[in-house]
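Q: My questions will all concern the structure given below.
There are 2 protein chains.
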Amino acid sequence: MAAEPTTTDTLTPELLTRMNAWWRAANYLSVGQIYLLDNPLLREKLTLDHVKPRLLGHWGTTPGLNFIYVHLNRVIRDTDSKVLFIAGPGHGAPGVVAATYLEGTYSELYPDISRDEEGLRRLFRQFSFPGGIPSHAAPETPGSIHEGGELGYSLSHAYGAVLDNPDLIVACVVGDGEAETGPLATSWHGNKFLNPVGDGAVLPILHLNGYKIANPTVLARISPEELKSLLQGYGYDPIFVEGEDPDPMHHAMAGALDEAFARIAAIQKAAREEGETERPRWPMIVLRSPKGWTGPKTVDGKKTEGFWRSHQVPFSDMSKPEHLTLLEDWMKSYRPEELFDDDGRLRPEIAALAPEGERRMSANPHANGGALRRPLRLPDFTDYALDIPHPGAVEAESTHVMGVFLRDVMKENLASRNFRVFGPDETASNRLQALFEVTDRAWNAQTFSYDDHLALNGRVTEILSEHMCQGWLEGYLLTGRHGLFSCYEAFIHIIDSMFNQHAKWLKTAGEVEWRRPIASLNYLLTSHVWRQDHNGFSHQDPGFIDHVVNKKADIVRVYLPPDANTLLYVTDHCLRSWNRVNVIVAGKQPAPQWLDMDAAIKHCTQGIGLWEWASNDHGGDPDVVLACAGDVPTLETLAATSLLREFFPDLKVRVVNVVDLMTLQPKSEHPHGLSDADFDALFTKDKPVIFAYHGYPWLIHRLAYRRNNHNNMHVRGYVEEGSTTTPFDMVVRNRLDRFHLVADVLDRVPKLAGQVHARQAIRDKLTEHARYIRAHGLDLPEVRDWRWPGGE
Amino acid sequence: MAAEPTTTDTLTPELLTRMNAWWRAANYLSVGQIYLLDNPLLREKLTLDHVKPRLLGHWGTTPGLNFIYVHLNRVIRDTDSKVLFIAGPGHGAPGVVAATYLEGTYSELYPDISRDEEGLRRLFRQFSFPGGIPSHAAPETPGSIHEGGELGYSLSHAYGAVLDNPDLIVACVVGDGEAETGPLATSWHGNKFLNPVGDGAVLPILHLNGYKIANPTVLARISPEELKSLLQGYGYDPIFVEGEDPDPMHHAMAGALDEAFARIAAIQKAAREEGETERPRWPMIVLRSPKGWTGPKTVDGKKTEGFWRSHQVPFSDMSKPEHLTLLEDWMKSYRPEELFDDDGRLRPEIAALAPEGERRMSANPHANGGALRRPLRLPDFTDYALDIPHPGAVEAESTHVMGVFLRDVMKENLASRNFRVFGPDETASNRLQALFEVTDRAWNAQTFSYDDHLALNGRVTEILSEHMCQGWLEGYLLTGRHGLFSCYEAFIHIIDSMFNQHAKWLKTAGEVEWRRPIASLNYLLTSHVWRQDHNGFSHQDPGFIDHVVNKKADIVRVYLPPDANTLLYVTDHCLRSWNRVNVIVAGKQPAPQWLDMDAAIKHCTQGIGLWEWASNDHGGDPDVVLACAGDVPTLETLAATSLLREFFPDLKVRVVNVVDLMTLQPKSEHPHGLSDADFDALFTKDKPVIFAYHGYPWLIHRLAYRRNNHNNMHVRGYVEEGSTTTPFDMVVRNRLDRFHLVADVLDRVPKLAGQVHARQAIRDKLTEHARYIRAHGLDLPEVRDWRWPGGE
C-alpha cells in the first residue's frame, strides 16, 4: 500500500551538486555554532583560542534537519508552495538557525549577524553562549512557532497551525525520541479532524536517527513492516527514504517530496474541486538516516556517527590535541572555501537555492502570527445579560449564559474563520452547547445518519486528549488566530507542562523585537472542584491556579467570576486580550445570580469590591470582613452573612468579593495588584478576615502575605477532603460551608466570645445535615434552595 | 495476519446459558446500583420511593465490562490462570462492583454487604450515595489497582504490574475514549520492554463501544483495516469480537479468549523452555459491542442503546411515570427471579462460574500489593559515605554517589526481583550509571552488537515518556514492589496529574481497612533548575514541589539534601518508607561537599539544623539568619556568609540549612513540622532571615506564614529568569547569588545601614562577572571554584 521512494530525475547532477553544497554549508555552520568562538572560515590554523570553553549543543539530529530543509526548499521553489517548518527535535537549533541564516532571514531580522565573515563569527559565538541564543528552536528563531524544549507537541502544533489556513503546508519533523511521548503518539490522529477543503495540510516527516540521549528509539527498532503498519493504522501513506550515502539519499528525498507534494495537491483538488468527502490517506515521509550524519565516525576509538554518542557534542575535551585536529578535519570536510566567498558570504549559486521572500520557511508570515492577527468581532456582551431584579432572585447556569455569548462570537467570526473552541469531549457537558446552533464538531471519520453535529467544517474541535486540545490551540494562536479551551478543572493539570512552555514562550517572545503579540490562551475551567457530584475525589483538584501563578506576573491572569454577568464581562475581556494566559473558573450548575449587568461591570472593572448590598457596616468600620472568591465560596459566604444577620443583628459584617485573583498581590509584584491603601480600605488593617476561597487556601496567604492585615486573615478552601457526595457535603467536608464560616467568625470576633447558643445551633445544623443526607442522599432543602434574603 | 475470531465448541449450551445468566445478574446489579434505594429484587411494584433521588453513575461501558468479566472467569477456571483485572473505563464501577459481589469477595471484605436481599439493598444504596462508595473503580474496590478517575493509565499500570510477576496475566480493558489520550496511545509500546521469561503477560482488551460523553470515538470510526493495521503496528496480533446478539457474541468471546490464553501460554513456553528470544506478537482482543448494551433501545423516542445517550444515566427524570415503568421493565428483562433465590442469594449453579479463592480476580493477591510487599534488603548507606575532612574540602557529583548506593540496592535485591529504576532515557545523564555495573536497560526490540547495556532482563526501564515511567512504577508499587523514578526536574510536571491521582489513591487506601501499605513512590529530580546549562529557559521550572505540597500532609515529603552524604541518608530513608510520595531534589554536577557522614545523619534526622561550623553567633543571638534549602542555594549562602565574614568580622551570622521542607510547616499541619519553640530557637523571633530556596520563593512564605518571625523572612528563589547561560549567571539573574544575598543582609540588618563601600564592592563584583562571561562564556574563576574557607 505504501509507496516506495522514487528515484526521479528531479535532480540534475548540477542541482544535486548545489543542493549538497547547501547541505554542507548548513552542516558546517551547525558545527561552527557548537564549537567555535572565532576563526569562522578556518582561514587560520585552528587553535584552542578559537574554540568555546564550554561546549553546549546538540549535533545528532542536526544534519538530518539540514538535509530535510534543503530538500523542502527545492520543492517549495518547484511548486511555489507556502510551507511552515516545525522542528520537533528542538535540540536541532544549530541546523534551524543555520538554515535561516543561509536564507538571509536571520540577517534581515538581526542585522548584526551579517552575511559576511564577521557575521559568521557572531553567529557562531552567540550560540549557547551567555547573552546569546538558546540551544533550542525558540521565539528568537525566525520561522519558528515551536519551542524546542519539552518534546511531544510538534504534530499537534502543526495541526493547529493548518486549521483554517487552506494554502498552508506544515512540514513537521518528528524526532524518533519525541515519537515515544504520549502526546505525540496520539497527535497522529490529528488527520481525523482535518478538513481538506478549509484547512491546509500537514506533512509529517518522521526522522529515525535511531537514538535518544543514551538509548535506541522504539520506532527505529521495530521491524519495517510493523512501522509501516503503525503509520498506515494512523491513517497515513508513508514514503520511506533510507540510507546514508548522500547521492542516492538526495535522489530518494527529492522523489519522496515530489510525490508527497503531488499527493497533497491531488487530495486538495479532489476535495475542493471534485467534492470528494472521504477522509484521504495523507502522505508522510519516514527518513532513516544516521545520527550525527557526516560527523566523526569514531571518537577516541568509540563508535560515534550513527550512534547515541553523537547526540550532543560528539567530543568535548578540547585540551586533547587530537580533538582539535578532529574538529578541524571534520569542519574542513565540508570544504568551506567552496561554500563562502572571500567576504564570507554564501556563494550566489548556492544561495539561489533558497525560495524568495515570504516563500522562505524562515520568513513565512504565519510563523509570526501576531502580525496576521485581527481582533475578533465581538457582539456586545451586555446584550446577553441576565436580568437580576435583586441579588439571588434568579438561578442560572453561568457557563450556559457564556455559551450563548460564545455562539454569537462564533457566528460573527464565521466568515473570517479565526475562532475555534477546543475541548476533550466536554463542550456540551460544560453547557456551551449553544455553539452547536451555529457550528458543528470538527470530524473527518466515519459518520452515521444519527450522528450529532459532526461536520468536516465544524469549529468545535474535540478529542479525549487535553494534550491535543492544548497543542491545537497553541498552534492556532501562534499563527494569529483566537480560541478557547474548555476543560474540567481537575484534568487541566494534564497540560501543566505544556502551559509552562507556552507561558515561557510568551515571556521570551515579548522580548523579541520583531514578534507581534498573539491572542491570549483562554481557559474555561468548569465542572470544578465543588461540583464533582458524579465523579468524586479523583476529579477534585483546584491546583491549576497555583501552577499558573508561578509564571511571570505580566503573562498570567486568573478570574473567578461569581455569577453569569460577571462571567460575561470576563469572557469578553479575555477574548480581547493578547500575549496572556487567562484562566477563568466558573460553575456550570444552576446557581443563584447576584449582580445585574451594571453592577457586574463595575465589579469586574475593579476586579475586587465591597458588596454593599450584602454588608451592614454602612461605610463605617466592620467587626469582621467576609471575603470570597469563586462561585461556591461566594454562595456560602452570603449564606453565612445571612445567618450572622439573624444571630447577631448588631454585628457589622462587610462582604468583599474577588473576581481577579491577582488584585490580592502587591502592586509591585503584579500589574493588577491593589495598592496597599486600597487593600487596607477593603480589608481593614486590624479586623478579622474570613476568606472563603475556591482553591487551596494557602494560595491566598501566598498572594497576600505582605499585606498589613495578613495576620488576621483566616482562609478556608479545598483541603483534599471529598468523595462522591452532595454539593453541600463537599463544602462541609472542607469546612468552607456557611456554618463553619459562622463558627470561624465566632472564634475570631472578640465581642462574640462565648456565644454558646449560636455555637450549639451551628453544631445542630451540621448534625441535621449529616443525618439528612445519609437518609435521603440529598442536601437539606434549606441549604439546597438557599436564596439571599436581602432583596426579597 | 490477525487471527479471525473462532466459534469454538468451548461453550456447551448449558454453560452458555449459565454464563448468560451471570451476565444478566451483573447487569441487573449494575442498574440496581445506579437507580435503586430499595426493593432490590423488585418483589414489590417499583415506586418512586424505591428510586434514588439523585442518579449518578455510568451505564454505558458497564454491560461490556460485565460481559468480559464472566468470560475471563470461564477461561480462568479452564486454564487455572492467575489473572488481575484492570478496568480502564473506570466509570464502569457498577459492573466491577457487581462482579466482585457475585464472586463473594465483596461480602468477605465488607460483611455488611451480605449475600442476601438485605445485602443487595445495601449494595445498591451505597453506590454513589453520600457516605457510600464512589462511582469509579477505587481503592475501596476489591481486586483493583487502578483508579477509575482520570483516563489514560490502564495499560501502563498493567505493564507495571506484570513486571517480575511471571505467572501473572493482567487482563486490561482499554476504553475507546481512554484510547484517545496521549499516555494510553504510547503505552501500547509496553510490549517492547516486556521479558516473556521473567515477566508476566498483558492481555489488552480494546473495548469499542463507540462513544464518549457526547461524541463518537476515533478508533471506532476508522476502517477495520486501519484499526487492525494500527494494532499490528503496535506489535499485537488482534482478535476481533464484534456484534450485539448475545449468543454468537458469547461463542466468539469464548473462542477469542481460548485463543489468546493459548497463545500467551505458547509464547511463554517458547521463551522459557525453548530459548526463543525474538519479541513475540502478543495477542489482544478488540471487542466491538453497543454502548449501553441490553439497556433501553430508546428513551423518550431518542436512540439510546448503541449511542452516547447511554454514557451515564440513560434516563433520569423519574417523576415521569413512563420512566419508572421503563426502569422496571428494563430491570425485569434480566429476570432476577431466575438469578437470585428466595433469600436474595445468587443461585448456586450461577455462582459456581466464579473461580475459587485467590483465583477470583477480585481476590488476586497482587491487587492488595501491600500484603505481598517485603522490605528491600538495603546495604548500610554509611558505607558509601564520602570522606569530608572539612566542609567544602571535596567536590563530587551527589547523584553519582547515590548511584553507587543504588547499584548495591539493586544487587542485593536481584534475587528477589522487586526493585526497579524508571526514567525517560536519563539514568546515565542523571549520573546513576553505576547501576549498569549490575543490571541493564530493559529492552525487547531489535539489538545490535554495539548496543549498550540493553537486555531482556534489564531492571532499568527507560522510554522517552514520563507518563509511561510513572504508570509502570505505579503498577509496580501497587502490586507490592519497590522503585525509583529519576527525572529532569522541569519535566516531572508532565505527570502532575498522574501524581495527583496516585496521591489521592494513597490517601483513600489508607482509610480502607483491608488494604496494606505499599512502598512509597520515590522521585529523584535532578538536572534541576539551577543547572540547565545546555537546555535553558524552557527546562527551568522547580514548581513540582509546589504541586506536591498541595496534597495531604501525611502523604507527601520533600527533601533537598545539600550534598552527597545527606542524599545517601535521604535515599535510604525513602526506600524504607511506605504509603508516601517522596520527592528528592539533588544536583548531578560536581559541587562542594559539606557534611561528613556523622554530621549528615545528625542533620537529616532533624530535617533542619543550625550549621555551627558556618555560623559565628556562638550560641548567642545572631544579627541575621541565613537560611538555605537546596544544593545551589546552600553553596551561595555559604559563599555569602564567607563574604560577610570578610566585610564585617563582627557581624553575627547564623546559617540554617533545611533538608526536609516539611519542617517549616506548623506541626499542626504536617507531622514533620517543627514546634513553634524549635522554629523560634532556630530562626529567632525578631532577627532578619534571608532565606535562599531552591524553588519558587513564595512556597517558603506559604509554609512559614504562621511562624512568629515570618514578617522578617526575606526569601530568594527562582523567579522565572533564565536562559542558556552559565551556572553562576543563573543565580545572578534570579538574585539568589552570594552578592545579592549580601546586599539583602545590608538592606535588612540595622547596624549595617549605609555601608557604602561594601555595597559598591558588591556592585563591582557583579559588573566584573557580567563582563567576564560576555568575554569568555564562563563564570569568573573565583565563583566557579569557590570553596568554604572555614576549614582550610
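Protein sequence lines correspond, in order, to chains A and B.
Using the working numbering, you'd call the opening residue of the first sequence number 40 and step up by one each time.
Using the working numbering, you'd call the opening residue of the second sequence number 40 and step up by one each time.
Ideal Cβ positions, reconstructed from N, Cα and C, are used throughout, including at glycine.
Please read these numbers as outputs of a predicted model, since none were measured by experiment.
In or out: B:Glu377 buried (at least 16 other Cβ within 10 Å) or exposed?
A: Exposed: under 16 other Cβ atoms inside 10 Å.
Q: Look at the Cβ atom of B:Thr605, then the Cβ atom of B:Ala558, and state whether they are nearer than 7 Å.
A: Not closer than 7 Å, so no.
Q: Please report the straight-line C-alpha distance between B:Lys251 and B:Glu283, rounded to a whole angstrom.
A: In a straight line, the C-alpha of B:Lys251 is about 19 Å away from that of B:Glu283.
Q: Please state if the CB of B:Leu76 and the CB of B:His89 are separated by a distance shorter than 7 Å.
A: Yes. Within cutoff.
Q: With a threshold of 7 Å between beta-carbons, can B:Gln540 be considered close to chain A, or not?
A: True, the Cβ-Cβ gap to chain A drops below 7 Å.
Q: I need the straight-line Cα distance from A:Gly659 to A:Lys641, nearest angstrom please.
A: Roughly 21 Å separates the two Cα atoms.
Q: Can you give me the Cβ contacts of A:Arg777 inside the same chain, cut-off strictly under 7 Å, excluding the 5 residues immediately before and after it?
A: The residues are Glu675, Ala678, Ala679, Leu682.
Q: Would the beta-carbon of B:His246 fall within 7 Å of that of B:Gly103?
A: In this structure, B:Gly103 lies closer than 7 Å to B:His246 by Cβ.
Q: Starting from the Cα of A:Asp637, find the closest Cα among A:Ala603, A:Phe300, A:Asn655 and give me that residue.
A: For A:Asp637, the nearest C-alpha among the options comes from A:Ala603.
Q: State the Cα-Cα distance for the pair B:Ile427 and B:Val433, rounded to the nearest angstrom.
A: Between B:Ile427 and B:Val433, the C-alpha separation is close to 6 Å.
Q: Within 10 angstroms of the Cβ of A:Asp689, are there 16 or more other Cβ atoms? Answer buried if so, exposed if not.
A: Exposed, by the Cβ-count rule.
Q: Got a sec: which bits of the stretch 168–180 of chain B sit with their beta carbon under 8 Å from any beta carbon on chain A, in order along the chain?
A: Answer in chain order: Phe168, Pro169, Gly170, Gly171, Ile172, Pro173, Ser174, His175, Ala177.
Q: Taking 7 Å as the CB-CB limit, is A:Ile812 close to chain B?
A: Closer than 7 Å to some Cβ of chain B, the Cβ of A:Ile812 qualifies, so yes.
Q: Counting only Cβ pairs nearer than 7 Å, list the residues of chain B close to A:Thr225.
A: Chain B residues near A:Thr225: Glu219, Thr220, Gly221, Ala224.
Q: Which residue wins for smallest C-alpha separation from B:Gly510, given the options A:Pro285, A:Ile261, A:Gly221?
A: B:Gly510 has its Cα closest to that of A:Gly221, out of A:Pro285, A:Ile261, A:Gly221.
Q: Could you tell me the distance, in whole angstroms, from the CA atom of A:Ala291 to the CA atom of A:Asp297?
A: Distance between the alpha carbons of A:Ala291 and A:Asp297: 10 Å.
Q: I'd like to know whether the C-beta atoms of B:Ala310 and B:Pro235 end up nearer to each other than 7 Å.
A: Yes, Cβ-Cβ distance for B:Ala310 and B:Pro235 is below 7 Å.
Q: Verify the CB distance criterion: does B:Gln571 have a CB-CB separation below 7 Å to chain A?
A: No, its Cβ sits nowhere closer than 7 Å to a Cβ of chain A.
Q: Based on DSSP bridge pairs, tell me the residues matched to A:Gly761.
A: DSSP output for A:Gly761 lists no bridge partner at all.
Q: Tell me whether B:Trp617 sits in a helix, a strand or coil according to DSSP, three-state version.
A: Strand at B:Trp617.
Q: Alpha carbon to alpha carbon, how far is B:Gly832 from B:Gly127?
A: The question about residue 832 of chain B has no answer, for chain B in this structure spans 40 to 831.
Q: Put A:Ile427 into one of helix, strand or coil per three-state DSSP.
A: Three-state result, A:Ile427: coil.
Q: Along the stretch 542–563 of chain B, what residues have a CB closer than 9 Å to any CB found in chain A?
A: For the stretch 542–563 of chain B, which is checked against every Cβ of chain A, the residues closer than 9 Å are Ala542, Lys543, Trp544, Lys546, Thr547.
Q: Quick one, which residues of the stretch 739–764 of chain A are near chain B if we go by CB-CB under 7 Å, in chain order?
A: From the stretch 739–764 of chain A, only His740, Arg741, Tyr744, Glu759, Ser762, Thr763, Thr764 have a Cβ closer than 7 Å to chain B.
Q: Quick one: what's got a C-beta closer than 6 Å to A:Phe354's C-beta in the same chain, skipping five residues either side?
A: Only Val338, His362 meet the Cβ criterion.
Q: For B:Val754, does the count of other Cβ atoms within 10 angstroms reach 16, so buried, or fall short, so exposed?
A: The residue in question, B:Val754, is buried, as its Cβ has 16 or more Cβ neighbours within 10 Å.
Q: In whole angstroms, what is the alpha-carbon distance linking A:Asp715 and A:Thr256?
A: Computed Cα separation, rounded: 56 Å.
Q: CB B:Ala391 to CB B:Thr49, shorter than 7 Å?
A: Not closer than 7 Å, so no.
Q: Around the Cβ of B:Val795, are there at least 16 other Cβ atoms within 10 angstroms (buried) or fewer (exposed)?
A: Exposed, because fewer than 16 other Cβ atoms sit within 10 Å of the Cβ of B:Val795.
Q: Verify the CB distance criterion: does B:Phe530 have a CB-CB separation below 7 Å to chain A?
A: It does: the Cβ of B:Phe530 has a partner Cβ on chain A nearer than 7 Å.
Q: According to the Cβ coordinates, are B:Phe722 and B:Val784 closer than 7 Å?
A: Their beta carbons are not under 7 Å apart, which means B:Phe722 does not touch B:Val784 by this criterion.
Q: Which whole runs of the beta strand (DSSP E) in the stretch 413–477 of chain A are 3 residues long or more, in chain order?
A: Segments of the beta strand (DSSP E) lying fully in the stretch 413–477 of chain A: 433–436, 458–462.
Q: Output needed in chain order: residues of the stretch 716–734 of chain B with a Cβ under 8 Å from some Cβ in chain A.
A: Hits within the stretch: zero.
Q: Say whether chain A places a C-beta atom closer than 7 Å to the C-beta of B:Val773.
A: Looking at the sequence provided, one finds Asn at residue 773 of chain B rather than Val. No - not a single Cβ of chain A is within 7 Å of the one on B:Asn773.
Q: Between the C-alpha atoms of A:Ser195 and A:Ile261, what's the straight-line distance to the nearest angstrom?
A: Taking the straight line joining both Cα atoms gives about 24 Å.
Q: Would you please state the rounded distance, in angstroms, between the beta carbons of B:Pro243 and B:Met323? I believe it to be under 8 Å.
A: The pair is a contact, with the Cβ atoms about 4 Å apart (cut-off 8 Å).
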